[in-house]
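Have a look at the structure below, then the notes.
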Amino acid sequence: MTVRPRAGGDAGVDVAVEDVRIAAPGPGQVRVAIRATGVCHSDLHVVNGDWPADQPLVLGHEGAGVVEEVGPGVTGVAPGDHVVLSWFAPCMACANCSAGRGWLCTGTTALANTLPDGSTPFAGADGSPLWPYLGLGTFGSHVVVPETAAIRVDDELPFTVGALLGCSVTTGVGAVLNTARVPAGASAVVVGCGGVGLSIVMGLRLAGAHPIVAVDLSADKRAMALELGADVVLDPRETDTGAWLQEQFGGVDFAFEAIGNAQVIETLPGMLAAGGAAVLVGMPRMGARSSIDPYELADQGKSILGCNYGSSVARVDVPRLARLYLAGRLPLDRLIDTVRPLAEGPQALDELASGAGLRSILTP
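Residue 363, in numbering that gives the first Met the number 0, is where the sequence shown stops; the numbers in between run on with no holes.
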């Protein structure tokens, strides 16, 4: 499934399902047959123009599949291996990678929508280049990716669950365990109960947080949050979340925003107890602005933490999360409400935009 900028300077993109050619893997690259791919808000950001696309893209960045072929120099995976695809492929050479902070890699080309050498493995039927969204482009039958993007996992892991480990689950659980480092007994609120927000809820339960408060407009998503570990759920149309948290608990230790809404972000400090931390997990549109009272932060020792990809190093965190799922400690299947063919990708994006459902998985 592709998106192409509209001709003539018209705003927006055209979404299509079309035939795409794919190159053989080059040095350090891996060809993977996609078995499942998740539909994420980051894909929707491109479709609705929040993140402008100035080149034609193959969408998709949550994927899992089987290695079919490896290029020269690849040693970490082999044909037949089951892999989760990580959209944030670190360069392994910059100062942040050397310090173990791969999520802050300054050498990755993922955000440029290319492979590390600046190339693309995709071409349209006419031979014109199509670029891999976030370095992957999983909305298709195959991808060619750098070796660092192909994370080997146990063959027992369902591909549908593996796809979620490529982004949403790693982001949400990582926000708790890596970014915020929530200790047992800490109180927390999660605003937004989509796939990432519910992953945060599961991460908080795993960490032993209490109480866990989940906030969402959708009754179905609030019910799912309770199933996955929330102690209390709130409808923000009926309850002022910040005032309620202050009245009930004197504020919470951690407030996670999993929507990417600049106006919601402004309300997070008012949910916190003194010394608490707001964690920005949802990605806003580019150029969005929030207004926050700096006196409140300074006077009460409150902080704001940025969270990209759950502050995760995929080669470490993805296998760990896979083991937790296989051990029955992360009920990730509950996040998946629809498995549908790739040809229905445009409809899946429309449903995501409407707020319906949790996570759609596409299969080639």
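Beta carbons: idealized from backbone N, C-alpha and C, even for Gly. Being a predicted model, the structure only gives us computed values, none of them experimental.
Item: Through-space distance from T169 to D316, alpha-carbon basis; Value: 7 Å
Item: Expected contact under 8 Å - CB spacing of A109 and W86 to nearest Å; Value: 6 Å
Item: Rounded Cβ spacing between L156 and A321 (contact assumed at less than 8 Å); Value: 5 Å
Item: Beta-carbon proximity list for V263, same chain, < 8 Å, skipping 5 on both sides; Value: V190, G191, E256
Item: Start-end ranges of the alpha helix (DSSP H) lying completely within the segment 43 to 93, minimum 4 residues; Value: none
Item: Inter-stretch contact at 8 Å, needing at least 3 Cβ pairs: the segment 26 to 36 / the segment 67 to 77; Value: yes
Item: Simplified DSSP assignment, three categories, for V12; Value: strand
Item: contact_flag[the segment 135 to 154, the segment 82 to 99] where n(CB pairs < 8 Å) is 3 or more; Value: yes
Item: Under the three-state DSSP convention, the category V181 falls into; Value: coil
Item: H141 in three-state terms, based on DSSP; Value: strand
Item: Residue from L56, C166, G126, N95 whose Cα sits closest to the Cα of N112; Value: L56
Item: Inter-residue spacing [alpha-carbon to alpha-carbon] between S311 and V175; Value: 11 Å
Item: Close beta carbons around A266, own chain, < 6 Å, minus the five adjacent residues each side; Value: Before going on, a small fix: residue 266 reads as Thr here, not Ala. Closer than 6 Å at the Cβ level, and outside the excluded window around T266, lie G241.
Item: Cβ pair count under 8 Å reaching 3, the segment 195 to 215 against the segment 339 to 348; Value: no
Item: Under the three-state DSSP convention, the category L129 falls into; Value: strand
Item: Exposure label - L216; buried when at least 16 CB within 10 Å; Value: exposed
Item: For D219, the first and last residue of its enclosing beta strand (DSSP E); Value: Premise fails: D219 lies in the alpha helix (DSSP H), 218 to 227, not in any beta strand (DSSP E).
Item: Three-state secondary structure (DSSP) of E350; Value: helix
Item: Own chain residues within Cβ distance below 6 Å of D49, not counting five before or after; Value: R284
Item: From L357, T1, H60, residue whose alpha carbon lies closest to that of V12; Value: T1
Item: F255 - partner residues in DSSP beta bridges; Value: V189, V278
Item: Outcome for Y294 when other beta-carbon atoms lying within 10 angstroms are tallied against a minimum of 16; Value: exposed
Item: Sub-8 Å separation of H60 and T137 beta-carbons; Value: yes
Item: Neighbourhood of L249 by C-beta, 6 Å cutoff - its chain only, sequence neighbours within 5 removed; Value: Rather than Leu, the amino acid found at residue 249 in this sequence is Gly. Contacts found: A272.
Item: Which listed residue (T178, L225, L203, G193) has its alpha carbon closest to that of S186; Value: L203
Item: Inter-residue spacing [alpha-carbon to alpha-carbon] between V338 and I199; Value: 22 Å
Item: Straight-line Cα distance separating A313 from V181; Value: 20 Å
Item: Three-state secondary structure (DSSP) of T240; Value: helix
Item: Continuous beta strand (DSSP E) stretch holding R333: start and end; Value: No beta strand (DSSP E) contains R333, which DSSP labels as neither H nor E.
Item: Reduced DSSP category for P4 - H, G, I as helix; E, B as strand; rest coil; Value: strand
Item: Unbroken alpha helix (DSSP H) run spanning V195, endpoints; Value: 194 to 206
Item: Beta-ladder partner(s) of F158, from DSSP; Value: Paired residue(s): none; F158 is not in a bridge.
Item: Through-space distance from Q54 to V214, alpha-carbon basis; Value: 37 Å
Item: Separation of A254 from V188, as counted between CA atoms; Value: 5 Å
Item: Separation of A297 from S167, as counted between CA atoms; Value: 32 Å
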